[in-house]
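Notes follow once the structure below has been shown.
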Amino acid sequence: MTVMTAPPSDKAAIVDVKFPHKALVERLSPGGRYIDAATDVDSPWVPFGDGAAIKHLAFDVRQNLFSNILWVKGPGVIGTHFHRGTITMVCLEGSVRYLEYDWVATPGGLILETPGESHTLVTDHPQGCKLFGWMQGPIDFYDADANLVDTTDVWWFINHYETHCREHGIAINPKLYL
(Lines of atoms letter the chains of each structure in order from A; the text may use other names.)
(Lines give C-alpha, C1' and ligand atoms only; values in the text may rest on other atoms or scores of the structure.)
Protein backbone atom coordinates (compact mmCIF):
# COMPACT_ATOMS: atom_id res chain seq x y z
CA MET A 1 0.00 0.00 0.00
CA THR A 2 1.32 3.42 -0.98
CA VAL A 3 0.83 6.29 1.43
CA MET A 4 0.21 9.67 -0.17
CA THR A 5 2.86 12.16 0.92
CA ALA A 6 1.66 15.09 -1.17
CA PRO A 7 -1.30 15.85 -3.45
CA PRO A 8 -0.89 13.85 -6.68
CA SER A 9 -1.21 16.79 -9.06
CA ASP A 10 0.53 20.12 -9.20
CA LYS A 11 -1.17 21.25 -12.41
CA ALA A 12 -3.41 24.29 -11.95
CA ALA A 13 -6.37 23.03 -13.97
CA ILE A 14 -9.94 21.93 -13.32
CA VAL A 15 -10.16 18.15 -13.35
CA ASP A 16 -13.52 16.64 -14.27
CA VAL A 17 -14.01 14.24 -11.36
CA LYS A 18 -16.53 11.54 -12.25
CA PHE A 19 -19.19 11.32 -9.54
CA PRO A 20 -22.39 9.35 -10.19
CA HIS A 21 -24.58 11.87 -8.35
CA LYS A 22 -23.11 15.03 -9.83
CA ALA A 23 -26.45 16.16 -11.31
CA LEU A 24 -28.14 15.80 -7.91
CA VAL A 25 -25.43 17.86 -6.26
CA GLU A 26 -25.75 20.56 -8.93
CA ARG A 27 -29.54 20.61 -8.51
CA LEU A 28 -29.81 20.43 -4.70
CA SER A 29 -26.61 21.71 -3.13
CA PRO A 30 -26.33 25.39 -2.21
CA GLY A 31 -22.78 25.15 -3.57
CA GLY A 32 -19.54 26.60 -2.40
CA ARG A 33 -19.24 30.31 -1.88
CA TYR A 34 -16.88 33.02 -0.72
CA ILE A 35 -17.78 35.39 2.11
CA ASP A 36 -15.61 38.51 2.44
CA ALA A 37 -14.97 38.67 6.18
CA ALA A 38 -12.39 41.47 5.92
CA THR A 39 -14.92 44.11 4.84
CA ASP A 40 -18.62 44.82 5.36
CA VAL A 41 -19.45 43.92 1.73
CA ASP A 42 -21.00 40.56 2.63
CA SER A 43 -21.86 41.06 6.31
CA PRO A 44 -21.84 44.08 8.63
CA TRP A 45 -20.64 44.19 12.22
CA VAL A 46 -23.75 43.81 14.41
CA PRO A 47 -23.58 45.09 18.00
CA PHE A 48 -23.54 42.35 20.66
CA GLY A 49 -23.92 44.27 23.91
CA ASP A 50 -22.05 47.48 24.66
CA GLY A 51 -18.47 46.48 23.91
CA ALA A 52 -18.75 43.69 21.36
CA ALA A 53 -19.98 42.99 17.83
CA ILE A 54 -20.58 39.98 15.62
CA LYS A 55 -19.90 39.59 11.90
CA HIS A 56 -22.23 36.76 10.79
CA LEU A 57 -20.67 34.47 8.14
CA ALA A 58 -22.95 31.43 7.75
CA PHE A 59 -26.25 29.97 8.92
CA ASP A 60 -27.14 26.29 8.49
CA VAL A 61 -30.66 25.71 9.82
CA ARG A 62 -30.56 22.00 8.99
CA GLN A 63 -27.78 21.34 11.50
CA ASN A 64 -28.21 24.33 13.86
CA LEU A 65 -24.72 25.51 12.79
CA PHE A 66 -23.63 29.09 12.58
CA SER A 67 -20.33 30.83 11.90
CA ASN A 68 -19.21 34.30 12.83
CA ILE A 69 -16.43 36.51 14.05
CA LEU A 70 -16.87 37.77 17.60
CA TRP A 71 -15.14 41.08 18.24
CA VAL A 72 -14.72 42.18 21.84
CA LYS A 73 -13.53 45.75 21.27
CA GLY A 74 -11.38 46.16 24.39
CA PRO A 75 -10.86 44.54 27.75
CA GLY A 76 -14.16 42.92 28.64
CA VAL A 77 -16.31 39.89 29.35
CA ILE A 78 -18.82 37.80 27.46
CA GLY A 79 -20.82 36.41 30.36
CA THR A 80 -21.08 32.85 31.52
CA HIS A 81 -22.58 30.59 28.91
CA PHE A 82 -23.34 26.88 28.69
CA HIS A 83 -22.78 24.93 25.48
CA ARG A 84 -25.19 22.27 24.26
CA GLY A 85 -23.16 21.72 21.09
CA THR A 86 -19.59 21.85 19.87
CA ILE A 87 -17.72 25.12 19.36
CA THR A 88 -14.54 25.53 17.31
CA MET A 89 -12.84 28.94 17.33
CA VAL A 90 -9.59 30.48 16.16
CA CYS A 91 -8.19 33.60 17.81
CA LEU A 92 -7.56 36.11 15.01
CA GLU A 93 -6.45 39.16 16.99
CA GLY A 94 -5.68 40.10 20.58
CA SER A 95 -6.00 37.46 23.27
CA VAL A 96 -8.75 35.75 25.21
CA ARG A 97 -9.14 33.35 28.09
CA TYR A 98 -11.83 31.59 30.05
CA LEU A 99 -12.01 31.97 33.82
CA GLU A 100 -12.54 28.21 34.00
CA TYR A 101 -9.15 27.37 32.42
CA ASP A 102 -5.51 28.33 32.89
CA TRP A 103 -4.63 29.07 29.23
CA VAL A 104 -4.71 32.26 27.14
CA ALA A 105 -5.52 32.06 23.42
CA THR A 106 -3.43 34.25 21.13
CA PRO A 107 -3.58 34.81 17.34
CA GLY A 108 -3.60 31.49 15.50
CA GLY A 109 -4.64 29.55 18.60
CA LEU A 110 -7.44 26.99 18.33
CA ILE A 111 -10.17 26.84 20.98
CA LEU A 112 -12.31 23.70 21.23
CA GLU A 113 -15.39 23.61 23.43
CA THR A 114 -17.50 20.53 24.03
CA PRO A 115 -21.18 20.14 24.94
CA GLY A 116 -21.99 20.24 28.63
CA GLU A 117 -19.42 22.87 29.62
CA SER A 118 -19.92 26.42 30.81
CA HIS A 119 -17.43 29.22 30.22
CA THR A 120 -16.86 32.86 31.06
CA LEU A 121 -14.94 34.54 28.23
CA VAL A 122 -12.56 37.33 29.26
CA THR A 123 -10.14 39.47 27.28
CA ASP A 124 -7.58 41.56 29.15
CA HIS A 125 -5.90 42.68 25.92
CA PRO A 126 -5.98 46.49 25.39
CA GLN A 127 -7.47 45.96 21.89
CA GLY A 128 -9.73 43.10 23.00
CA CYS A 129 -9.95 40.13 20.65
CA LYS A 130 -11.46 38.79 17.46
CA LEU A 131 -12.49 35.14 17.36
CA PHE A 132 -13.58 33.25 14.25
CA GLY A 133 -15.93 30.43 15.15
CA TRP A 134 -18.14 27.58 13.99
CA MET A 135 -20.81 26.85 16.58
CA GLN A 136 -23.32 24.03 16.71
CA GLY A 137 -26.42 23.89 18.87
CA PRO A 138 -27.86 26.15 21.52
CA ILE A 139 -25.81 28.31 23.85
CA ASP A 140 -27.46 29.25 27.17
CA PHE A 141 -26.40 32.58 28.72
CA TYR A 142 -26.61 33.14 32.49
CA ASP A 143 -26.45 36.14 34.80
CA ALA A 144 -24.13 36.43 37.82
CA ASP A 145 -26.63 34.46 39.95
CA ALA A 146 -26.79 31.53 37.48
CA ASN A 147 -30.26 32.52 36.23
CA LEU A 148 -30.91 31.73 32.57
CA VAL A 149 -31.05 35.01 30.61
CA ASP A 150 -31.41 33.76 27.02
CA THR A 151 -30.73 30.83 24.73
CA THR A 152 -29.07 31.49 21.39
CA ASP A 153 -29.02 29.14 18.41
CA VAL A 154 -28.98 29.43 14.63
CA TRP A 155 -32.45 31.07 14.69
CA TRP A 156 -31.36 33.63 17.30
CA PHE A 157 -28.27 34.50 15.23
CA ILE A 158 -30.33 34.81 12.02
CA ASN A 159 -32.74 37.13 13.82
CA HIS A 160 -29.80 39.14 15.22
CA TYR A 161 -28.38 39.61 11.71
CA GLU A 162 -31.66 40.22 9.84
CA THR A 163 -33.07 42.65 12.43
CA HIS A 164 -29.90 44.75 12.25
CA CYS A 165 -29.96 44.72 8.44
CA ARG A 166 -33.63 45.78 8.27
CA GLU A 167 -33.11 48.54 10.86
CA HIS A 168 -30.14 49.96 8.91
CA GLY A 169 -31.38 49.49 5.33
CA ILE A 170 -28.79 46.79 4.59
CA ALA A 171 -29.73 44.08 2.10
CA ILE A 172 -29.89 40.58 3.62
CA ASN A 173 -27.18 38.49 1.96
CA PRO A 174 -28.49 35.11 0.71
CA LYS A 175 -24.89 33.79 0.49
CA LEU A 176 -24.85 33.49 4.29
CA TYR A 177 -27.56 30.78 4.27
CA LEU A 178 -26.40 27.22 3.63
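In UniProt numbering, the protein residues as written are 1 to 178.
A virtual CB, placed ideally from N, CA and C, is assigned to each residue, including glycine.
Keep in mind the model is a prediction, meaning the values are calculated, not measured.
Item, Value
"Whole beta strand (DSSP E) elements within the stretch 31-105, 3-residue minimum", "45-47, 52-60, 65-72, 76-83, 87-94 and 96-98"
"Enclosing beta strand (DSSP E) for residue 213 [first to last residue]", "With the chain covering only 1 through 178, there is no way to say anything about residue 213."
"Endpoints, beta strand (DSSP E) assigned at His-119", "118-123"
"Inter-stretch contact at 8 Å, needing at least 3 Cβ pairs: the stretch 153-161 / the stretch 95-106", "no"
"Same chain, Cβ closer than 6 Å to Met-89, neighbours up to 5 away in sequence not counted", "Ile-111, Leu-131 and Gly-133"
"Simplified DSSP assignment, three categories, for Val-154", "helix"
"Opposing strand residues paired with Ile-139 [DSSP bridges]", "His-83 and Thr-152"
"Straight-line gap, Gly-169 to Thr-5 (C-alpha atoms, nearest Å)", "51 Å"
"Run of the alpha helix (DSSP H) containing Lys-22, from where it starts to where it stops", "22-28"
"Inter-residue CB distance, His-83 and Tyr-142 (contact presumed, cutoff 8 Å)", "Not a contact, Cβ separation roughly 12 Å."
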